[in-house]
């Protein structure tokens, strides 16, 4: 047996024959390569190859695993077929509480579909919003033959992987919500792009995987290398198309996507504008966030200043993100934006500011887990929810220097509000985290990242 990639040509007669398959009739299906060895060539742009490699790289990130019964997924598809959302948001939201069955919530109707399989095994309650729910209809015909469904949730802005156990085979479907004209993917994948890769280590990895598929732990034992070093090398090979990752089994396999390995330098940036944005970020203090304004249910407005010292220019840049993470408004004082607006996509200064914002948000999220990191936070907003039957009680708590703003209620459009003012910013910060910790003990779920 030799691993490889095959292409099946589904002609109309073959599709008609497959549609006539019945469980009560014996079936023998034979497949063999053509004697002439017909090789199919598919030409795709580098941008597609880069996106494919990025989805593969995303599958290596730590994920929350949710077990669903096939009927749970069927209920989601049935509800989406009977109703059509006319307003945003349109996410499929997972509410995960340790020891309880996962809850699937369809927005904007807030329709709750409790899962009927195993309880959530995680240690921290959380809410994860996923996008592309209409594409789940691709799995409809497989559900009668599916024994179990595992959903791997990576987090906000990242893909969700659906792994269907068909008994003799498994099918993995990755759904992403990157439809924001180059904005969302830029900010998301910047957080785990491979650094300077070791070419020698990469070749050793490919040689090991050519012998048989292996997990990251097995590779670490065989090559006597730390996991983080191997992970960086594997990310490079995934982007070059020489290796694939099966998220269901955790195995890495040698499966070349192209006849020759791809040039990773051509895959590093989406286009010349993104490359220029990274050049701006490479020099300290060229890209600065000047203001982050919380717009409540409408999203957040980010203002910044970009100094291009090479061109001896300074630009005022801003953009607004809605609740779904999409850019709904943007502006820049540069010549490109004044000439064409957003018709040709975001300018390099907008991309650089978006990257700076994503990096700082990720750094703050990690810092707030430690007492030392909490001292660095002077302004932020957190949203916590607790479901009471069909109703959801929400708390939205904002910290801004010496001020705390509390908003709470069952109707997101009509929240009650209380404003607290303190003598010192340190007192406001301590009171802010005290309230967050108290709500967490009462069973509220932090839904800020969702």
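Residue numbers (the working numbering): 106 to 555.
From the three backbone atoms N, C-alpha and C, an ideal C-beta is built for every residue, glycine too.
None of these values were measured; they are calculated from a predicted model.
Residue i - partner residues in DSSP beta bridges
| i | result |
| --- | --- |
| residue 491 | 498 |
| residue 557 | Past the edges of the chain, shown from 106 to 555, lies residue 557, and the structure says nothing about it. |
| residue 210 | 198, 217 |
| residue 157 | BP columns for residue 157 are empty, so no partner. |
| residue 437 | 422 |
| residue 319 | 357 |
| residue 503 | 486, 510 |
| residue 410 | 393, 421 |
| residue 305 | None; residue 305 has no bridge partner. |
| residue 257 | 170, 266 |
| residue 432 | 426 |
| residue 523 | 511 |
| residue 275 | 270 |
| residue 550 | 490 |
| residue 235 | 197 |
Contact set for residue i: own chain, Cβ-Cβ below 8 Å, skip 5 residues either direction
| i | result |
| --- | --- |
| residue 285 | Its pLDDT being 49, under 50, residue 285 is placed unreliably in this model, and the value from its coordinates should be taken loosely. These residues qualify, in order along the chain: 430, 431, 432. |
| residue 481 | 469, 472 |
| residue 427 | 193, 403, 404, 433 |
| residue 493 | none |
| residue 106 | Summary for residue 106: the model assigns pLDDT 44, below 50, so the residue's position carries little reliability; its value from the coordinates is reported in the next sentence. Closer than 8 Å at the Cβ level, and outside the excluded window around residue 106, lies no residue. |
Buried/exposed call for residue i, threshold 16 Cβ in 10 Å
| i | result |
| --- | --- |
| residue 260 | buried |
| residue 474 | exposed |
| residue 442 | buried |
| residue 266 | buried |
| residue 231 | buried |
| residue 281 | buried |
| residue 289 | Bear in mind that the predicted position of residue 289 carries a pLDDT of just 44, short of 50, making it too unreliable to give a figure here. |
| residue 318 | buried |
| residue 180 | buried |
| residue 116 | exposed |
| residue 136 | exposed |
| residue 158 | buried |
| residue 335 | buried |
| residue 445 | exposed |
| residue 500 | buried |
Residue of the options minimising C-alpha distance to residue i
| i | options | result |
| --- | --- | --- |
| residue 247 | 236, 184, 176, 490 | 176 |
| residue 76 | 502, 239, 482 | Nothing about residue 76 can be read from this structure; the chain reaches only from 106 to 555. |
| residue 233 | 258, 446, 434, 309 | 258 |
| residue 461 | 387, 527, 167, 220 | 387 |
| residue 327 | 309, 174, 522 | 309 |
| residue 213 | 531, 193, 231 | 193 |
| residue 392 | 150, 313, 463, 305 | 463 |
| residue 172 | 395, 513, 269 | 269 |
| residue 347 | 334, 304, 383, 385 | 304 |
| residue 167 | 306, 352, 406 | 352 |
| residue 182 | 503, 549, 135, 237 | 237 |
| residue 448 | 435, 459, 458 | 435 |
| residue 548 | 116, 198, 203 | 203 |
| residue 395 | 385, 389, 407 | 407 |
| residue 188 | 211, 334, 157 | 211 |
| residue 155 | 178, 534, 369 | 369 |
| residue 160 | 277, 418, 243 | 277 |
| residue 365 | 350, 344, 373 | 344 |
| residue 217 | 185, 320, 245 | 185 |
| residue 476 | 502, 531, 514 | 531 |
| residue 315 | 333, 330, 361 | 361 |
| residue 416 | 389, 437, 445, 385 | 385 |
| residue 536 | 373, 483, 151, 152 | 483 |
| residue 150 | 279, 511, 519, 372 | 372 |
| residue 252 | 271, 235, 520 | 271 |
| residue 273 | 250, 350, 514, 457 | 250 |
Cutoff 7 Å; reference residue i; Cβ partners in own chain excluding five residues on either side
| i | result |
| --- | --- |
| residue 126 | 132 |
| residue 163 | 259, 263, 264 |
| residue 55 | The first residue shown for the chain is 106 and the last is 555, placing residue 55 beyond what the model contains. |
| residue 113 | none |
| residue 552 | 232, 488, 489, 490 |
| residue 307 | 338, 341, 342 |
Proximal residues to residue i (C-beta, below 6 Å), its chain only, five neighbours per side dropped
| i | result |
| --- | --- |
| residue 559 | Outside the displayed span of the chain (106 to 555) sits residue 559, for which this structure offers no information. |
| residue 220 | 173, 177, 206, 207 |
| residue 533 | 507, 509, 527 |
| residue 439 | 420, 452, 454 |
| residue 554 | 261 |
Q. Does the region 198-209 come within contact of the region 224-233, defined as at least 3 CB pairs closer than 8 Å?
A. Verdict: yes, contact present.
Q) Is the region 366-386 close to the region 395-408, with three or more CB pairs under 8 Å? A) no
Q. Do the region 443-460 and the region 400-419 meet, that is, are 3 or more Cβ pairs less than 8 Å apart?
A. yes
Q) Do the region 351-369 and the region 416-426 touch if we need at least three Cβ pairs shorter than 8 Å? A) no
Q. Okay, do the region 486-499 and the region 535-555 touch, 3+ Cβ pairs below 8 Å being the bar?
A. yes
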